[in-house]
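The structure under discussion appears below in the form of structure tokens.
Numbering (mature numbering (1 follows the signal peptide of the UniProt record, and there is no 0)), first residue to last: -23 to -1, 1 to 393.
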């Protein structure tokens, strides 16, 4: 009997303990943070410009600008490759930051100056050493099967070249190897194209990689022009030509001096479709630029060549399908040419008529409240409007118009 009483007491205590534990668990679960990830429908109602994204409350950069600290990724923002990304349980949003520097001491670059060139080497093997060692074997034993293997390895490496850190690692350690394939006529075209694609992917949106090439391989642009001079205009070479032109454009984007080979560029330009022609005009726009004025006005200046490219740029600007980014780039180039060469360069009437219509169209768009929030857009629109007389017309007429406008404004204020 006594045993049964003790058993009942223990059972009662156990039930009470379990009940308390259950209540505590429920209470804790109620207090856990809720994960409320923003959905794609938040992107509805956004106005996406070339550089900014605007909603009803604010505008922010179109391309996410990472730092060493976690930052919230806003709706529709583009992410550069190579970032660390996480979901914040506390805030219920996605965040990103610059990737942790996982470079070990064995991957440090040792730069030794010899003669006029910098020879780069590594203390130990780097992340992609095995892959590049494999493709180097082709130089010693070349046969059709080996090229197939090399193409396969290069294709795999192309996936890593887009990454910010891995792209720099590839360029800084293996540029000469890739160059030896891309610029070698005895190498199959598809392998050359793949090597050029890896170089290009490692350079795009990667300032350290571009600076590395400009500082350590300044002769690269000359080599690219040389390869372009050898390539015919056949369909088999079309993709490789585009790769080389894109490489020139990216390298020139951070070069102190931009050079053009008019004969080579013009030959390929004439054989290209309209979309591909933009690649050549991008290079022309970097050449005829205020940052390159000393080269432009140098002893090799040829006004016939300047007029030819001016005509092409003004014609392209009138194409309705031209995107805003290239419209600005080409328009700024034409403005520079006209301001630099003045009356030596003629602008045709069709372009002036297009400019007048474009100014009026943008003036109407500026009445929209969301459109007004894109400061970059408004600044360019204002530049477009001012150029009508200040660059492509009579500057005195523009000043007179501004003075009359100011006088009318002052008169209205006095009358009030």
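Virtual Cβ for every residue (Gly too), placed ideally from N, Cα, C. Owing to the predicted nature of the structure, the values given are computational and were not obtained by experimental measurement.
- Item | Euclidean distance between Cα positions of residue 100 and residue 106 | For the purposes of this step, residue 100 is taken as the residue at position 123 of the chain shown. For the purposes of this step, residue 106 is taken as the residue at position 129 of the chain shown. For residue 100, the predicted structure reports a pLDDT of 37, less than 50, and the residue's modelled location is therefore unreliable. A value from the coordinates is still provided. Rounded to whole angstroms, residue 100 to residue 106 spans 12 Å at the Cα level.
- Report, in whole angstroms, the separation of the C-beta atoms of residue 472 and residue 45, which I expect to be a contact under 8 Å. Because the chain spans -23 through 393 in this model, residue 472 falls outside it and cannot be assessed.
- Message: Strictly by DSSP, which residues pair up with residue 73?
- Response: Taking the chain shown and counting its residues from 1, one reaches residue 73 at position 96. In DSSP, residue 73 forms a bridge with 48 and 62.
- Message: What residue range does the alpha helix (DSSP H) around residue 195 cover?
- Response: Residue numbering aside, residue 195 sits at position 218 when the chain shown is read from its first letter. First-last for residue 195: undefined, no H or E at that position.
- Grab me the residues of residue 197's own chain with a C-beta within less than 7 Å of its C-beta, minus the 5 sequence neighbours each way, in chain order. Position 220 of the chain shown, counted from the first residue, corresponds to residue 197. Taken in chain order, the residues that qualify are 190 and 228.
- Query: CA-CA distance, residue 277 and residue 265?
  - Reply: By 1-based counting over the chain shown, the position of residue 277 is 300. By 1-based counting over the chain shown, the position of residue 265 is 288. Rounded to the nearest angstrom, the two C-alpha atoms are 13 Å apart.
- Short check: CB of residue 318 to CB of residue 283, under 8 Å? Translated into the one-based positions of the chain shown, residue 318 becomes position 341. Translated into the one-based positions of the chain shown, residue 283 becomes position 306. Cβ distance < 8 Å, so residue 318 and residue 283 count as in contact.
- Message: Only counting the same chain, and skipping five residues up and downstream in sequence, which positions put a Cβ closer than 7 Å to that of residue 3?
- Response: Walking along the chain shown from the start, residue 3 turns up at place 26. Here the model assigns residue 3 a pLDDT of 36, short of 50, so the residue's position is not dependable, and the following value carries that caveat. Same-chain partners within the cutoff: there are none.
- Query: In the DSSP assignment, what residue or residues form a beta bridge with residue 40?
  - Reply: Translated into positions along the chain shown, residue 40 becomes position 63. DSSP output for residue 40 lists 55 as bridge partner(s).
- Message: Quick check on DSSP: helix, strand or coil for residue 148?
- Response: One-based indexing of the chain shown puts residue 148 at position 171. In the structure shown, residue 148 sits in a helix (DSSP, three-state: H, G or I).
- Residue closest to residue 144, alpha-carbon to alpha-carbon, out of 158, 162 and 185: Counting from 1 along the chain shown, the entry for residue 144 is found at position 167. With distances taken between Cα atoms, residue 144 lies closest to 185.
- Task: Take residue 15 and list the residues in its own chain whose beta-carbon comes closer than 8 Å to its own, dropping the five residues that flank it on each side.
- Result: Walking along the chain shown from the start, residue 15 turns up at place 38. Reliability of the predicted coordinates at residue 15 is poor, the pLDDT of 40 falling under 50, and the value obtained from them is presented with this limitation in mind. Excluding sequence neighbours, residue 15 sits near 52, 69, 70 and 71.
- Message: Give me the residue from 237, 254 and 124 with the minimum Cα distance to residue 219.
- Response: The sequence position of residue 219 within the chain shown is 242, counting from 1. For residue 219, the nearest C-alpha among the options comes from 254.
- Task: Please report how far the alpha carbon of residue 142 lies from the alpha carbon of residue 244, in whole angstroms.
- Result: For the purposes of this step, residue 142 is identified with residue 165 of the chain shown, where counting begins at 1. For the purposes of this step, residue 244 is identified with residue 267 of the chain shown, where counting begins at 1. If I take the Cα positions, the gap works out to 37 Å.
- Task: Return yes when the Cβ of residue 56 is within less than 8 Å of the Cβ of residue 76, no when it is not.
- Result: The sequence position of residue 76 within the chain shown is 99, counting from 1. The sequence position of residue 56 within the chain shown is 79, counting from 1. Cβ distance not < 8 Å, so residue 76 and residue 56 don't count as in contact.
- Note down the Cα distance separating residue 140 from residue 126, rounded to an integer number of angstroms. Mapped onto the chain shown, residue 140 falls at position 163. Mapped onto the chain shown, residue 126 falls at position 149. So the alpha carbons of these two residues sit roughly 23 Å apart.
- Since residue 314 is in the alpha helix (DSSP H), which residue starts that stretch and which ends it? Taking the first residue of the chain shown as position 1, residue 314 is located at position 337. Residue 314 -> alpha helix (DSSP H) spans 301 to 318.
- Query: Hey, residue 154 and residue 113 are a contact pair by Cβ (cut 8 Å); roughly how many whole angstroms apart?
  - Reply: Translated into positions along the chain shown, residue 154 becomes position 177. Translated into positions along the chain shown, residue 113 becomes position 136. Yes, they are in contact, since the Cβ atoms of residue 154 and residue 113 sit about 6 Å apart, within 8 Å.
- Message: My output table needs one value for residue 231: the three-state DSSP class, helix, strand or coil.
- Response: To locate residue 231, count along the chain shown from 1; it is residue 254. Reduced to three states, the DSSP call for residue 231 is coil.
- Count the other CB atoms, across all protein chains shown, that sit within 10 Å of the CB of residue 294; report buried if there are 16 or more and exposed otherwise. Mapped onto the chain shown, residue 294 falls at position 317. Looking at its Cβ environment, which holds 16 or more other Cβ atoms inside 10 Å, residue 294 is buried.
- Task: Report the three-state DSSP secondary structure of residue 23 (helix, strand or coil).
- Result: By one-based count along the chain shown, residue 23 stands at place 46. Coil.
- Query: Taking the alpha carbon of residue 232 as the point to measure from, which residue in 250, 203, 195 and 222 has its own alpha carbon closest?
  - Reply: Counting from 1 along the chain shown, the entry for residue 232 is found at position 255. Here the closest residue by C-alpha is 195.
- Cβ pair residue 325, residue 291 closer than 8 Å: Here the question's residue 325 lines up with position 348 in the chain shown. Here the question's residue 291 lines up with position 314 in the chain shown. Yes, Cβ-Cβ distance for residue 325 and residue 291 is below 8 Å.
- Simplified DSSP assignment, three categories, for residue 30: The sequence position of residue 30 within the chain shown is 53, counting from 1. It is a strand residue.
- Message: Between residue 159 and chain D, is any beta-carbon pair separated by less than 8 Å?
- Response: Chain labels in this structure do not include chain D; a single protein chain is all it has.
- Just the C-alpha distance for residue 178 and residue 171, rounded to the nearest angstrom, thanks. Position 201 of the chain shown, counted from the start, is the residue given in the question as residue 178. Position 194 of the chain shown, counted from the start, is the residue given in the question as residue 171. Going by the C-alpha atoms only, they are around 10 Å apart.
- Query: So residue 174 is in the alpha helix (DSSP H); what residue range does that whole segment cover?
  - Reply: As a working note, residue 174 is residue 197 in the chain shown. Unbroken alpha helix (DSSP H) run through residue 174: 166 to 180.
- Query: What residue ranges within the region 238 to 298 form continuous alpha helix (DSSP H) runs of no fewer than 4 residues, ordered along the chain?
  - Reply: 239 to 248, 251 to 264, 270 to 273 and 280 to 294
- Terminal residues of the alpha helix (DSSP H) in which residue 366 lies: As a position in the chain shown, residue 366 is number 389, starting the count at 1. Segment 352 to 367, the alpha helix (DSSP H) holding residue 366.
- Message: Assuming contact is defined by CB atoms lying nearer than 8 Å, are residue 131 and residue 166 in contact in what I supplied?
- Response: Locating residue 131 in the chain shown gives position 154, counting from the first residue. Locating residue 166 in the chain shown gives position 189, counting from the first residue. Contact: no.
- Comparing alpha-carbon positions, which option in 286, 267 and 336 lies nearest residue 359? Locating residue 359 in the chain shown gives position 382, counting from the first residue. Comparing Cα positions, the closest option is 336.
- Message: Using 8 Å for Cβ pairs, my map puts residue 343 next to residue 355. What's the rounded Cβ distance?
- Response: As a position in the chain shown, residue 343 is number 366, starting the count at 1. As a position in the chain shown, residue 355 is number 378, starting the count at 1. Between residue 355 and residue 343 the Cβ distance is about 7 Å, and since that is below 8 Å, they are a contact.
- Message: Taking 8 Å as the threshold (C-beta atoms), are residue 176 and residue 159 in contact?
- Response: Reading the chain shown from its first residue, position 182 is the one you call residue 159. Reading the chain shown from its first residue, position 199 is the one you call residue 176. Taking 8 Å as the Cβ cut-off, residue 159 and residue 176 qualify as a contacting pair.
- Task: Could you have a look at residue 236 and say whether DSSP puts it in helix, strand or coil?
- Result: Working through the chain shown from its first residue, we reach residue 236 at position 259. Reduced to three states, the DSSP call for residue 236 is coil.
- Quick one: residues in its chain with C-beta nearer than 8 Å to the C-beta of residue 9, no 5 flanking neighbours on either side, listed in chain order? For the purposes of this step, residue 9 is taken as the residue at position 32 of the chain shown. Residue placement at residue 9 is flagged as unreliable, the pLDDT there being 36, under the threshold of 50; a coordinate-derived value is accordingly withheld.
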